[in-house]
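J.:
Number of protein chains: 2
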Amino acid sequence: MRKQVREYFISTYERYESLFECLNCDKAYYEKPISLRHPLIFYLGHTATFFVNKLTLTRLLTERVNESFESVFAVGVDEMSWDDLNDAHYEWPSVADVMAYRQRVKELVLDIIDTAPLSLPIDWENPWWTILMCIEHERIHLETSSVLIRQQNLEWVTPHQAWRPIEDFGPAPANVLRPVEAGQVVVGKDLDSPTYGWDNEYGEHRAEVPGFEASRYLVSNKEFLDFVEAGGYQSPEYWSAEGQKWLEFSKRSAPEFWRRKTVDGKPEWHLRLMTKEIPMPWSWPAETNFLEAEAFCNWKAEQSGKPIRLPTEDEWFRLYDISDVQVRPETAWNANIHLDHGASSCPVNRFQHGDFFDVIGNVWQWTQTPIYPFDGFKVHPIYDDFTVPTFDSKHNLMKGGSWISCGNEAEPSARYAFRRHFFQHAGFRYVSGALKQTAPTSHYETDVLMSEYAEFHYGDEYFGVPNFPRALVELLAPYFKGRKTGKALDLGCASGRASFELARYFDEVLGIDFSVRFIDQGVQIGREGLLRYTLVDEGDLRIFKTRTLAELGLDDVRLPDFAQGDACNLKPNYTDFDLVFAANLIDRLYEPAKFLDDIHTRIRPGGLLMIASPYTWLEQHTPKSAWIGGYKKDGENVTTLDGLKKHLEPNFRLLDPPKQVPFVIRETSNKFQHSLSNVTVWERHEG
Amino acid sequence: MRKQVREYFISTYERYESLFECLNCDKAYYEKPISLRHPLIFYLGHTATFFVNKLTLTRLLTERVNESFESVFAVGVDEMSWDDLNDAHYEWPSVADVMAYRQRVKELVLDIIDTAPLSLPIDWENPWWTILMCIEHERIHLETSSVLIRQQNLEWVTPHQAWRPIEDFGPAPANVLRPVEAGQVVVGKDLDSPTYGWDNEYGEHRAEVPGFEASRYLVSNKEFLDFVEAGGYQSPEYWSAEGQKWLEFSKRSAPEFWRRKTVDGKPEWHLRLMTKEIPMPWSWPAETNFLEAEAFCNWKAEQSGKPIRLPTEDEWFRLYDISDVQVRPETAWNANIHLDHGASSCPVNRFQHGDFFDVIGNVWQWTQTPIYPFDGFKVHPIYDDFTVPTFDSKHNLMKGGSWISCGNEAEPSARYAFRRHFFQHAGFRYVSGALKQTAPTSHYETDVLMSEYAEFHYGDEYFGVPNFPRALVELLAPYFKGRKTGKALDLGCASGRASFELARYFDEVLGIDFSVRFIDQGVQIGREGLLRYTLVDEGDLRIFKTRTLAELGLDDVRLPDFAQGDACNLKPNYTDFDLVFAANLIDRLYEPAKFLDDIHTRIRPGGLLMIASPYTWLEQHTPKSAWIGGYKKDGENVTTLDGLKKHLEPNFRLLDPPKQVPFVIRETSNKFQHSLSNVTVWERHEG
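Protein chains in written order, with the UniProt record's numbering: chain A, 1 to 687; chain B, 1 to 687.
1) Assuming M274 of chain B and S146 of chain B are in contact, meaning their beta carbons sit under 8 Å apart, how far apart are those beta carbons, in whole angstroms?
2) Contact criterion: CB-CB distance below 9 Å. Does Q4 of chain A meet it with respect to chain B?
3) With a threshold of 6 Å on Cβ separation, who are the neighbours of I519 of chain B within its own chain once the five nearest residues in sequence on each side are excluded?
4) Between the beta-carbon of V523 of chain B and the beta-carbon of G492 of chain B, is there less than 9 Å?
5) With 9 Å set as the bound, which would you pick, yes or no: does the beta-carbon of H621 of chain A sit closer than that to a beta-carbon of chain B?
6) So what's P560 of chain B in DSSP terms, helix, strand or just coil?
7) Closest Cβ-Cβ distance between K487 of chain A and chain B: below 9 Å?
8) Measuring alpha carbon to alpha carbon, tell me which residue in B:S677, B:N349, B:A414 and B:R15 is nearest A343 of chain B.
9) Looking at V72 of chain B and Y90 of chain B, is the spacing between their C-beta atoms short of 9 Å?
10) Identify, in the order they occur along the chain, each residue of the same chain with its Cβ nearer than 6 Å to the Cβ of E317 of chain B, setting aside the five sequence neighbours on each side.
11) At the level of alpha carbons, what is the spacing between L585 of chain B and D555 of chain B?
12) For the stretch 100-125 of chain A, which residues have a beta carbon sitting closer than 8 Å to at least one beta carbon of chain B?
13) Beta-carbon of Y615 of chain B versus every beta-carbon of chain A: anything under 9 Å?
14) Could you check whether the Cβ of T534 of chain B sits closer than 9 Å to any Cβ belonging to chain A?
15) According to DSSP, which residues form a beta bridge with P373 of chain A?
16) Nearest to R527 of chain A by CA position, among A:A241, A:I611, A:L559 and A:D384, is which residue?
17) Whose C-alpha, out of A:R483, A:V359, A:Y444 and A:K645, is nearest the C-alpha of R178 of chain A?
18) From K266 of chain B to G197 of chain B, what distance separates their C-alpha atoms?
19) With three or more C-beta pairs closer than 8 Å as the rule, is the stretch 103-110 of chain A touching the stretch 51-62 of chain A?
20) Assign F249 of chain A to buried or exposed, taking buried as 16 or more other Cβ atoms, counted over all protein chains shown, within 10 Å of its Cβ.
21) How long is the line joining the alpha carbons of V681 of chain B and L596 of chain B, rounded to whole angstroms?
22) Using a Cβ cut-off of 9 Å, which residues of the stretch 624-637 of chain B contact any Cβ in chain A, in chain order?
23) Helix or strand or just coil, what does DSSP make of L531 of chain B?
24) Just checking: is the beta-carbon of T144 of chain A within a distance shorter than 9 Å of some beta-carbon in chain B?
25) Could you give the distance in angstroms between the alpha-carbon of F456 of chain B and the alpha-carbon of A207 of chain B?
26) I'd like to check one pair, G183 of chain B with I322 of chain B: are the Cβ atoms closer than 9 Å?
27) Is the separation between the beta-carbon of A582 of chain B and that of I599 of chain B shorter than 9 Å?
28) Does P605 of chain A pass the burial test, meaning 16 or more other C-beta atoms within 10 Å, or should it be called exposed?
29) Got a sec: which bits of the stretch 658-681 of chain A sit with their beta carbon under 9 Å from any beta carbon on chain B, in order along the chain?
30) Could one say the Cβ of F463 of chain B lies closer than 9 Å to chain A's Cβ atoms, at least one of them?
31) Can you grab the Cα-Cα spacing for the pair L57 of chain A / A593 of chain B, in whole Å?
32) Taking 9 Å as the threshold (C-beta atoms), are S613 of chain A and T640 of chain A in contact?
33) Does S71 of chain B come within less than 9 Å of chain A when only Cβ atoms are used?
34) Would you mind telling me which residues of chain B sit closer than 9 Å to L541 of chain A, beta carbon to beta carbon, in chain order?
35) To the nearest angstrom, report how far apart H205 of chain A and R517 of chain A are at their CA atoms.
36) Whole angstroms are fine: how far does the CA of N200 of chain A sit from the CA of P194 of chain A?
Right under this line is the structure:
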C-alpha cells in the first residue's frame with residue numbers, strides 16, 4: 001500500500017510540474033492569464049502548500065516548511081462572479097524558490113509515506129486519507145492549471161513533448177438524437193467504498209429517470225458554428241438572465257478558445273490549445289461555459305421544435321448506465337480521458353460507448369443540475385470548505401471528465417461543479433425531453449438566527465434538556481384524551497417542529513409565523529425531509545449539519561401546512577380549532593392583549609389554548625405600554641400570569657397550575673441560552 | 001385580637017379624616033400646598049386605596065372597590081429633588097365622592113377584620129400583617145398630611161377643636177452640652193417581635209459608640225435665631241454643596257414655618273402652625289430641614305471651637321439608652337408625642353428624660369446617618385418599594401418622633417428617612433465629638449449587568465451548576481500541592497469571587513479588572529461583608545438580594561486586594577506570581593496575543609497560569625484581526641486552543657488536556673446564559 005501511494009504521489013506531483021515546463025518566461029508565471037484568478041506561480045506553489053497545510057492539520061506533519069509560502073500559497077481566488085476582480089497585492093517568490101520549496105515538500109511527503117504509521121483500510125478518519133486528498137487535489141489543479149495555460153498569452157508558452165495535442169481532424173458528424181429508456185439511477189458512494197472520493201460524492205441518491213433522447217455526439221465546433229453564425233450571441237432571447245448579464249460584461253461573439261484569423265485574405269476560425277493555435281478542428285467538441293451551452297439549446301429547441309435542453313445529472317447517470325463504459329481496461333481507456341491519448345480534445349465520433357459517443361472523456365459535459373448534497377451528506381473535516389460553499393444553486397455540475405482528467409476526476413461518481421460562466425475543458429451534449437424534476441435543494445442555512453432555530457427545533461439536545469417543541473406537545477398529550485383532535489393551530493411556529501409533533505395527534509395542523517424565513521424551514525423539512533444549516537463553533541468557525549425528519553421519527557406524520565401570518569391580526573377564516581398552541585409567542589407580540597382578548601374566537605367551545613413563555617418582555621418586541629405583566633401598576637406588582645388570567649378568564653378556564661418547561665438554544669459550541677417557559681393550559685368555556 | 005385591630009383601625013382611620021376637617025374650601029383640597037407634591041385630595045383618597053391595593057395583593061379582598069380611584073390614588077409623587085416638579089395632569093374626584101369611597105372601604109376593612117380567618121401570631125407572612133401595615137401607613141400620612149396642611153394657604157384652613165395647639169410659651173432655656181458616656185448599642189427587631197415594624201427595622205445592628213456630648217435641649221427657635229441673625233443663610237461656607245444648591249434654589253433666609261410680620265410698625269417673627277400663625281414661641285424647637293440643621297452646626301462649631309455636628313443614628317440610640325424614656329405609662333406619655341398633649345410643639349424644656357429633654361417627641365430629630373439596611377435586612381414582599389428606594393445615601397434618618405407621631409412612628413425602633421431638603425415637624429439636637437464612624441453602605445446595585453455578575457459570583461446556583469469561580473479554584477487546588485502558594489493574581493476578576501476563593505490557598509491575592517465598577521463589588525463585599533443587588537424577575541419587576549461572605553464560608557479568609565488595571569498593559573511591579581488566574585478573560589481583551597505573549601513575565605519560573613474561556617469571540621470586544629483563534633487561516637481552521645498553544649508554548653507547558661467547566665449567568669427568573677468554559681492549566685518553564 002505504501003508503494004502504491006508512493007507511486008501515485010510521485011507521478012501526480014511530477015506530472016503537475018511538467019505542465020509548467022510549457023511556460024517559457026517569467027511573465028508566463030507572474031502575469032495573470034485572466035484577471036479573475038491568481039497568476040500561475042500561485043498554482044505552482046499552491047498544491048505543495050496544500051500538502052503542508054492538510055498534513056499539519058492531521059498531525060502527520062509537525063512543522064511548517066516555509067511559513068511565508070504557506071500563507072501566500074494557501075488560498076486561491078474564489079471566482080464567484082465574472083467581475084469580482086482580485087486587486088490584492090501579492091509579493092510572489094521566484095520560480096526557483098518555489099521549485100526548491102516543492103522539492104522540500106516532496107521529500108517530506110515521501111518520508112511520511114515511507115514511515116508514518118499506517119493502519120488499513122484508509123478510510124475517512126484515517127490520517128492517510130489526507131495524503132490521498134492532497135494527491136487528488138493536485139490532480140484537480142493539473143486540469144485547472146492546464147486551462148489557465150490555455151488562457152495565457154500564446155507567446156509565453158511553448159509546445160512540449162509531454163503535452164502534444166491529438167492530431168485527428170476528420171469532418172464533424174451530423175448529430176442525431178437517440179433514445180434513452182426510462183430507468184432508476186442509484187448513486188452515491190458509501191464510506192466503505194475502496195476509492196478516494198470528495199465528500200460531495202457520499203451518501204445516497206435514487207431517482208426514477210423518465211425516458212428521454214440524447215444527442216449521440218457531444219456538440220462539435222461545427223454544430224456550434226451554426227449557432228454562432230445564426231447570430232446566437234447577438235440574440236438575448238436565447239440567453240437566461242444570468243447569461244445576458246455575462247454576455248453584456250464579456251462582449252463575446254464566439255467561444256472562449258475560438259480565434260478569428262485572416263488566412264490568405266479570408267477570415268477563418270482557429271482554435272487555441274494549451275500551447276498553440278490550430279485551424280479549427282470542426283469535429284472536436286465545442287468548448288463553452290454553461291451559459292453558452294444553455295443558449296445553444298434554447299436556439300436549437302426553437303430550430304427543431306423539440307424540447308432541447310441540457311441533461312440533468314441524473315440523466316447523465318442514466319446515460320452512463322445504459323452505455324458500456326463501466327469496465328475500464330488496464331491499459332489505455334476507450335475514451336479520451338486520463339491523458340491516455342494526448343493533450344487535447346479529439347473528434348466527437350472517435351470513442352463510442354454503445355449507442356453514444358464520449359459518454360465519458362474528451363471534454364466535461366455541463367448539466368443543468370446545480371450541485372447539491374446527497375442524502376446523508378457529511379462534510380469532510382479536513383477540507384470543510386471544498387464542497388459546502390458551492391451548495392448555493394450557482395455552481396452547476398459537470399460530468400464525464402476531459403482528456404486531462406485523472407484519478408477521481410475520471411470516475412463517473414466525481415461531482416465537480418463550477419460557476420456557470422466559468423471555462424474549463426468543457427462542452428456539452430444536449431437532450432430532448434420534458435423536464436419534470438425540480439432541482440434538489442442544496443441550501444445550507446447560514447444565517448445565525450435561522451440556524452440556531454433549526455437546531456433548537458430539529459437538532460441535538462444539550463444539558464439533558466429534552467427537545468422543547470416535542471416536550472410541550474407531550475405535556476399536552478394527556479389533555480387530548482377524550483377531546484376532539486381535528487384541527488390544531490401552532491401560532492408562532494418558528495421552524496415548525498411543534499407542528500410536526502402535533503401532527504402525530506391532530507388530523508390537520510396549521511403552523512403560522514410572522515417570519516417567512518421561519519415558515520420556509522418548516523416547509524422545506526416537510527418537502528425535502530431534511531434541513532441543512534450551519535452552527536457557530538467558535539468565532540467564525542462553522543459546523544455543517546443536516547437533520548432529517550426520519551431521524552426524528554417524523555417521516556410518516558401527515559405534513560402540517562405552514563403559512564405566514566400575524567398572531568395579532570389573523571385571517572378571519574382561521575377558526576374552529578381544537579387547539580391553539582402558542583409557544584414562546586406572547587412576549588414577542590407587539591399587542592399581546594389583543595391576541596389574548598381575541599383568541600377565543602379561533603377556538604371552538606371546549607377547545608384548548610396553550611400558552612408557553614419565559615415572560616421575557618423586551619421593548620424591542622413589545623412596547624412597555626403593551627406588556628401584560630412584568631411591571632408595577634398603581635404601585636403593585638403585576639406578573640405576566642396575572643395578566644394572562646385577566647385577559648383569558650372571561651373566555652377560558654385554567655386547567656391546572658402553571659408548569660415550567662426548560663429549553664436550550666445553542667449559540668456556539670460553548671454558549672447556550674437556557675430558559676424556562678411557563679406553560680398554562682386553558683379550556684374555552686362551553687357555549 | 002380582632003377587637004384590638006378593629007379599634008386600632010377605626011381610631012386611626014377616623015382621626016385621619018378629622019384632620020381634613022381643618023380644610024375650609026375646595027381650594028384647600030385641590031390646590032397644591034407645595035409644588036412638588038399632590039394636592040390634599042390625593043392624600044384623602046390615598047390611604048383608603050392603599051387598603052384596597054394591599055388587601056387585594058394578600059387576597060383578603062377579592063374585588064376592587066373603584067378601579068378608577070384605585071388608579072389615581074395609588075402612587076404619590078416621590079419628591080426626589082427640590083426642582084422635580086410634578087406636571088402630570090390629574091382629574092381629581094369630588095371630596096364627597098372620596099369620602100363616600102372611604103366609607104365603603106372602611107366597611108370592607110371592618111368586614112375583613114370581623115370575618116377573615118385569623119391565625120396567631122400575626123407575623124410577616126400572616127395576611128393580617130397587611131392590615132396592620134395599612135393602619136400604620138395611615139398613621140404616617142396622618143403626620144405628613146398635617147405637614148401639608150401646615151404648608152397650605154392660611155386662608156383655606158380653619159382651627160379645629162380636635163387639633164388645638166399647645167399653649168405654652170415660656171422663655172427659651174440656654175442650651176448646654178451634657179456628656180453621654182461610651183457604650184454599645186444593639187438594635188434591630190427580630191421577626192418574633194410583638195409589634196408592627198417596617199422592613200427596615202428588622203435585622204441586627206451593633207455598634208460601639210464612643211463617648212460624646214449632646215445638647216440638653218433640642219435647638220429652640222431662640223437658639224436658631226442667633227444663626228439667622230448672624231447671616232447664616234447668607235454664608236455659603238456653613239452649607240454643604242447640597243445645602244448651597246438648595247439655598248440657591250429656595251432663596252431662603254429663615255426656616256420654612258417662620259413668618260416675618262410687622263406688628264406696631266416693628267418687624268417681628270411669627271410661626272405658622274397647622275391652622276394659624278402665632279407670635280414666635282421662642283422656647284419651641286426650631287423646625288428645619290437637614291441641610292439647615294447641618295449649616296447651623298457648622299456655624300456653631302466655628303463659634304464654639306468645638307466639633308459640633310448632628311448625631312448619628314447610633315448616637316441617638318445611645319442617648320435613648322441612657323435616658324429614662326424606655327417605659328411608657330398607660331396614660332399620657334411623658335413626652336410631646338402621640339397627640340397626648342396637643343397638636344403642636346411645646347417648649348424644649350418641658351419633657352425631661354434624665355439628663356436630657358425631648359429624647360423622644362416634640363419634633364423629629366435629624367441625624368447625619370443616611371438610612372441603610374441592618375444586617376439580615378429583607379424586603380417585605382407586600383410593600384417592596386417602601387424602603388429600598390431610600391437606600392441611596394440621599395435619605396437621612398430622623399429619630400424620636402413628633403407631637404403627632406403615633407403607633408410605630410412613636411417607637412424608638414422606627415426608622416423614617418427623608419430627603420435632606422424635606423420638611424416635616426422636624427428639628428434637631430446637636431452633639432459635640434469626633435466622628436470616626438463612616439456611614440454604613442446602603443447601596444443596592446441596580447445596574448443589570450453588575451447585578452447579574454454579583455449573582456454569578458456570590459449568588460445562587462442554577463440547573464445544578466456549581467458556582468463557577470469556586471469550581472475553577474477547586475479544579476486548580478490539586479496543582480497547588482507541592483507548589484509555592486505565595487502570590488496569586490486574579491486577572492479579569494470581575495466581582496471578585498475567585499480572589500476570595502484563592503485566598504483560601506494563597507498568602508496574598510490581587511484581583512484586577514478593567515472595570516472599576518466590578519472592582520468595587522469585590523472591595524465592598526470585603527469591607528462590608530456583604531453585597532446587595534437587584535435581580536430581574538420578569539419585565540420591570542425586581543427581586544432584592546443580599547449575600548454575605550459568611551454565608552459563603554469566606555468571612556475568615558484573608559482579604560484580597562483589588563485594583564483597576566488592564567490585562568494587556570499591566571503595571572510593571574505586578575510580577576513573581578505563583579499563579580495567574582484568567583477566567584473568562586481572553587475573549588474580552590482587545591489584544592489577547594499581547595497578553596499571552598507577555599504574561600510569563602509576571603509568573604515566576606515553575607508558576608502556574610490558568611486560562612478559562614468559552615472562546616466567545618466578539619468584534620465588540622476584540623477586533624477580528626486580533627482573535628487568536630476561531631477563524632480560518634490560509635484556508636484552515638485555527639481554533640482558540642491552537643492559538644493558546646502557539647502563544648504560550650514558548651514559555652509554558654500545558655499540564656493536562658483541556659477541561660470544560662460550565663457556568664450559568666442569570667438574566668431573569670426564567671432566562672439564563674449557560675456556557676462552557678474551556679480550562680487549560682500551564683506551568684511556566686523553569687529558568
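In this text, a Cβ means the ideal position worked out from N, Cα and C, and glycines have one as well.
These numbers were taken from a predicted model, which means no experiment stands behind them.
T.: Looking at the coordinates:
1) Locating residue 274 of chain B in the second sequence gives position 274, where the first residue counts as 1. Locating residue 146 of chain B in the second sequence gives position 146, where the first residue counts as 1. About 6 Å; that satisfies the 8 Å criterion.
2) Walking along the first sequence from the start, residue 4 of chain A turns up at place 4. So no, Q4 of chain A is outside the interface.
3) In the second sequence, the residue the question calls residue 519 of chain B occupies position 519. Hits under 6 Å: D513, F562 and Q564.
4) Residue 523 of chain B sits at position 523 when you count from the first residue of the second sequence. Residue 492 of chain B sits at position 492 when you count from the first residue of the second sequence. Not in contact: V523 of chain B and G492 of chain B (Cβ atoms no closer than 9 Å).
5) Reading the first sequence from its first residue, position 621 is the one you call residue 621 of chain A. Chain B contact via Cβ: absent.
6) Here the question's residue 560 of chain B lines up with position 560 in the second sequence. Of the three classes helix, strand and coil, the one that applies to P560 of chain B here is coil, per DSSP.
7) Working through the first sequence from its first residue, we reach residue 487 of chain A at position 487. Cβ-Cβ to chain B under 9 Å: no for K487 of chain A.
8) Taking the second sequence and counting its residues from 1, the one referred to as residue 343 of chain B is at position 343. Nearest C-alpha to A343 of chain B: B:R15.
9) For the purposes of this step, residue 90 of chain B is taken as the residue at position 90 of the second sequence. For the purposes of this step, residue 72 of chain B is taken as the residue at position 72 of the second sequence. Yes; because the gap between Cβ atoms is below 9 Å, this pair is in contact.
10) Locating residue 317 of chain B in the second sequence gives position 317, where the first residue counts as 1. The amino acid at residue 317 of chain B is misidentified as Glu; the sequence shows Phe. Only V185 and V187 meet the Cβ criterion.
11) Here residue 585 of chain B refers to the residue found at position 585 when the second sequence is read from its first residue. Here residue 555 of chain B refers to the residue found at position 555 when the second sequence is read from its first residue. One C-alpha to the other measures close to 27 Å.
12) For the stretch 100-125 of chain A, which is checked against every Cβ of chain B, not one residue is closer than 8 Å.
13) Taking the first residue of the second sequence as 1, we reach residue 615 of chain B at position 615. Yes, contact with chain A.
14) Along the second sequence, one-based indexing puts residue 534 of chain B at 534. Chain A, which has no Cβ nearer than 9 Å to the Cβ of T534 of chain B, makes this no.
15) Indexing the first sequence from 1 puts residue 373 of chain A at position 373. DSSP, once it has assigned bridges, lists no residue as partnering P373 of chain A.
16) On the first sequence, residue 527 of chain A is found 527 positions in, with the first residue counted as 1. Comparing Cα positions, the closest option is A:L559.
17) Numbered from its first residue, the first sequence carries residue 178 of chain A at position 178. Minimum Cα distance to R178 of chain A is reached at A:V359.
18) As a working mapping, residue 266 of chain B is identified with position 266 in the second sequence. As a working mapping, residue 197 of chain B is identified with position 197 in the second sequence. Computed Cα separation, rounded: 50 Å.
19) yes
20) Indexing the first sequence from 1 puts residue 249 of chain A at position 249. Around the Cβ of F249 of chain A, a 10 Å sphere holds fewer than 16 other Cβ atoms; the residue is exposed.
21) By one-based count along the second sequence, residue 681 of chain B stands at place 681. By one-based count along the second sequence, residue 596 of chain B stands at place 596. So the two alpha carbons sit approximately 13 Å from each other.
22) K624, W627, G629, G630, Y631, K632, K633, D634, G635, E636 and N637
23) On the second sequence, residue 531 of chain B is found 531 positions in, with the first residue counted as 1. Here L531 of chain B sits in strand by DSSP.
24) Taking the first residue of the first sequence as position 1, residue 144 of chain A is located at position 144. False, the Cβ-Cβ gap to chain B never drops below 9 Å.
25) The residue given as residue 456 of chain B occupies position 456 in the second sequence. The residue given as residue 207 of chain B occupies position 207 in the second sequence. Taken atom to atom, the span from the alpha-carbon of F456 of chain B to that of A207 of chain B is near 32 Å.
26) If you number the second sequence from 1, residue 322 of chain B lands on position 322. If you number the second sequence from 1, residue 183 of chain B lands on position 183. Here I322 of chain B is near G183 of chain B, since their CB atoms are less than 9 Å apart.
27) Along the second sequence, read from residue 1 onward, the residue named residue 582 of chain B stands at position 582. Along the second sequence, read from residue 1 onward, the residue named residue 599 of chain B stands at position 599. Result yes, Cβ atoms of A582 of chain B and I599 of chain B sit closer than 9 Å.
28) Against the first sequence, residue 605 of chain A aligns to sequence position 605. With fewer than 16 other Cβ atoms within 10 Å, it is exposed.
29) Q660, P662, V664, E667, T668, S669, N670, K671, F672, Q673, H674, S675, L676, S677 and N678
30) The count along the second sequence starts at 1 and reaches residue 463 of chain B at position 463. Cβ-Cβ to chain A under 9 Å: yes for F463 of chain B.
31) As a position in the first sequence, residue 57 of chain A is number 57, starting the count at 1. As a position in the second sequence, residue 593 of chain B is number 593, starting the count at 1. Roughly 22 Å separates the two Cα atoms.
32) Counting from 1 along the first sequence, the entry for residue 640 of chain A is found at position 640. Counting from 1 along the first sequence, the entry for residue 613 of chain A is found at position 613. Yes. Within cutoff.
33) Translated into the one-based positions of the second sequence, residue 71 of chain B becomes position 71. S71 of chain B has a beta carbon lying within less than 9 Å of a beta carbon in chain A.
34) Along the first sequence, one-based indexing puts residue 541 of chain A at 541. G629, G630, Y631, K632, N637, V638 and T639, listed in chain order.
35) The count along the first sequence starts at 1 and reaches residue 205 of chain A at position 205. The count along the first sequence starts at 1 and reaches residue 517 of chain A at position 517. So the two alpha carbons sit approximately 27 Å from each other.
36) To locate residue 194 of chain A, count along the first sequence from 1; it is residue 194. To locate residue 200 of chain A, count along the first sequence from 1; it is residue 200. P194 of chain A and N200 of chain A have their alpha carbons spaced roughly 16 Å apart.
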